[in-house]
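Protein chains in written order, with the numbering used here: chain A, 1 to 356; chain B, 357 to 636.
Even for Gly, the Cβ is constructed at its ideal location relative to N, Cα and C.
The model shown is predicted, which means the values in this text are computed figures rather than measured ones.
A short worksheet on the structure shown next.
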């Protein structure tokens with residue numbers, strides 16, 4: 001086990017820069033999820049940690065060792081791939097044993113280690129099968145088995161669950177979490193699925209267009225998104241974003257002809273254009289109304305009712321998450337109320353968070 | 357509907373088989389009569405009694421009443437060795453070059469690939485004179501090296517292996533890298549076993565290609581001891597101004613057919629097994 005540290009890592013493919021200087025430290029034993037939309041550079045970053053991709057500049061450390069120029073096989077890492085990447089001509093046992101065999105581990109030890117891993121992953125009955133005789137979930141477990149037999153310092157997961165169906169994905173997610181809790185091996189996990197990210201991660205690294213947008217625990221990232229991107233990317237339905245302007249005093253926001261009071265004041269940005277972020281579940285109807293909106297669409301999900309509405313003042317579309325028993329009809333005019341503490345203020349030009 | 361029409365289908369198949377099989381039957385049949393019966397133009401459609409004598413003569417001496425040639429046994433061994441060396445050589449060279457072209461990044465990689473590819477467009481006949489000159493200068497005339505080496509380089513097989521290697525997922529290559537296997541290890545442990553089916557299929561095709569070589573052996577061999585069976589048959593036929601020993605020719609052709617047939621039958625089992633087993 002070891003910490004993983006990235007220092008100023010950049011990557012360029014020809015003239016295209018896909019990673020713009022990433023610095024971060026993943027603590028020993030931590031489970032970190034790199035989350036972002038496709039093409040944000042998250043897989044490339046993982047492959048740089050693995051050594052499968054050469055960074056253009058910057059350094060990679062695993063534990064105290066600078067592995068920037070070290071071959072993947074000498075980095076003491078194991079990787080689980082999206083398409084499992086099992087050797088089709090080898091049995092489950094041989095697949096798991098291969099890495100040990102190549103490294104010249106004595107046969108008896110290979111046997112003990114593979115059987116121990118197989119027991120952990122409930123693969124004992126399948127050891128003689130070929131990969132094609134296994135289901136997707138079983139293949140993914142073999143891929144994880146191949147990773148854990150080597151007892152590496154770091155596990156790297158590259159979207160390991162995206163080829164599985166929804167039900168199996170939930171099940172495997174739990175298994176991965178359980179595995180990490182028992183092995184406590186430093187893990188880096190790449191996904192574009194925010195539910196996976198929120199449930200698995202000790203800490204999240206949210207990436208967008210080759211840059212780290214935010215690093216933090218899932219709850220931190222959810223409750224205090226560092227930018228409009230993070231606010232919009234995490235949470236389903238996403239955070240509502242309303243364009244407005246800070247008042248001259250900097251303690252309220254003008255949305256069209258409505259003024260909304262803020263919990264804090266931003267005198268330095270007074271009069272500047274901003275974006276007001278509001279989570280759907282923080283909007284309620286009635287009370288002291290601040291925003292008026294007309295209902296466009298109602299989605300009753302049972303536990304919740306999602307209401308899509310256009311605000312009267314700014315013609316923005318907002319989504320409200322109301323209790324399941326809320327009675328709302330299409331065309332109805334709503335008076336929306338939000339507690340000032342739940343208003344997120346972002347700079348409109350940079351997208352950066354200013355505060356609440 | 358399908359059932360009502362199935363006798364048409366059967367008739368077509370039976371006719372097809374008859375058209376293909378009749379000449380082979382005639383060869384088999386001819387090899388069981390004496391030279392006089394065939395020469396007289398009255399060969400019956402049923403087998404005669406001279407099979408043992410004809411095959412024995414063809415196999416051991418090759419000499420008929422007037423035909424002169426090496427014994428079939430010698431020519432068969434020559435042909436067999438030539439075909440096997442060409443097959444193994446072609447598979448070995450082409451799988452290695454395809455491996456290099458697909459899995460390694462080196463300068464001028466595509467240039468080399470296209471150079472190999474372009475040679476596909478040149479039939480053997482085009483380069484046969486310079487090739488002969490080179491082989492002759494190297495003293496390869498009347499040797500197995502001369503018979504086989506110039507035929508070993510194979511653009512077709514390289515291309516086939518390349519296309520197959522391109523279907524091996526990158527992730528498998530990377531998994532192997534992380535497992536600690538170097539390029540040679542990856543080749544032996546992963547690429548080669550996965551190529552089984554392709555190798556089996558190519559072996560069948562290339563063995564028959566090697567066995568059927570005519571022009572090149574005709575040029576490069578001069579002594580009867582190095583003669584291949586395909587050349588031997590033509591020499592049997594072209595005995596000028598003389599009665600042709602059709603019975604021996606037929607026996608020889610039947611013997612010449614056996615190894616390719618055996619290879620197809622034997623390898624077919626591998627072939628099918630490989631097809632069922634392989635999956636990427």
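Bounds of the beta strand (DSSP E) holding residue 24 of chain A are 16 to 26. Residues of the same chain with a CB within less than 7 Å of the CB of residue 406 of chain B, apart from the 5 flanking positions on each side, are 388, 389, 390, 603 in chain order.
In this model, residue 379 of chain B and residue 409 of chain B are separated by some 22 Å (Cα to Cα). For residue 59 of chain A, there is no enclosing alpha helix (DSSP H); the residue is found in the beta strand (DSSP E) stretching over 57 to 62.
Not one beta carbon of chain B lies nearer than 9 Å to the beta carbon of residue 11 of chain A.
Close CB contacts of residue 61 of chain A within its chain, under the 6 Å cut and outside five residues either way in sequence, are with 5 (chain order). With its beta carbon less than 9 Å from one in chain A, residue 546 of chain B belongs to the interface.
Around residue 537 of chain B, the beta-carbon contacts reaching into chain A at under 7 Å are 102. Comparing alpha-carbon positions, the option among A/307, A/78, A/236 lying closest to residue 297 of chain A turns out to be A/307. Chain order gives no chain B residues near residue 192 of chain A, where near means a beta carbon separation below 9 Å; the closest approach is about 18 Å. Exclusion of the five residues before and after residue 510 of chain B leaves 446, 449, 450, 562 as the residues of its chain whose Cβ lies within less than 8 Å of its Cβ.
Residue 125 of chain A counts as exposed, since fewer than 16 other beta carbons sit within 10 angstroms of its beta carbon. Bounds of the beta strand (DSSP E) holding residue 308 of chain A are 304 to 311. In this chain, the beta strand (DSSP E) harbouring residue 317 of chain A covers 317 to 323.
By the rule that beta-carbons nearer than 9 Å mark a contact, residue 86 of chain A touches chain B.
Chain order gives no chain B residues near residue 42 of chain A, where near means a beta carbon separation below 9 Å; the closest approach is about 16 Å. Shown here, residue 554 of chain B sits in a helix according to DSSP, grouped into three states.
For residue 83 of chain A, the chain B residues whose C-beta falls within less than 8 Å of its own C-beta are 525, 527, listed in chain order. Annotated as distal: residue 262 of chain A and residue 292 of chain A, with beta-carbon spacing of 9 Å or more. Going by DSSP, residue 254 of chain A is part of the beta strand (DSSP E) stretching over 252 to 255.
Residue 54 of chain A sits exposed, since fewer than 16 C-beta atoms from the chains shown fall within 10 Å of its C-beta. Classified as exposed, residue 299 of chain A has fewer than 16 neighbouring CB atoms from the shown chains inside 10 Å of its CB. In its chain, beyond the 5 residues on either side, 192, 208, 233 have a beta carbon closer than 8 Å to the beta carbon of residue 37 of chain A. Among the residues of the stretch 52 to 65 of chain A, those with a Cβ less than 9 Å away from any Cβ of chain B are 52, in the order of the chain. Proximity of the stretch 74 to 92 of chain A to the stretch 140 to 153 of chain A meets the contact definition, three or more beta-carbon pairs being nearer than 8 Å. Proximity of residue 463 of chain B to chain A, defined by a Cβ-Cβ separation below 9 Å, is not satisfied. Looking only at B/488, B/619, B/579, the smallest Cα-Cα distance to residue 436 of chain B is reached by B/619. Residue pairing of residue 7 of chain A in beta bridges, as defined by DSSP: A/59. In the displayed model, residue 204 of chain A falls within a strand according to three-state DSSP. Residue 613 of chain B has its alpha-carbon roughly 23 Å from the corresponding atom of residue 575 of chain B. Between residue 110 of chain A and the set A/122, A/154, A/95, the nearest pair of CA atoms involves A/95. For residue 65 of chain A and residue 3 of chain A, the gap between their C-alpha atoms comes out near 10 Å.
Residue pairing by DSSP places residue 273 of chain A opposite A/245 in a beta bridge. Below the 8 Å Cβ cutoff, chain B contributes 530, 533, 534 as neighbours of residue 72 of chain A, in chain order. Note that the stretch 582 to 596 of chain B does not touch the stretch 552 to 560 of chain B; fewer than 3 beta-carbon pairs, one per stretch, sit closer than 8 Å.
Annotation: Cβ neighbours of residue 550 of chain B in chain A (cutoff 8 Å, chain order): 88, 89.
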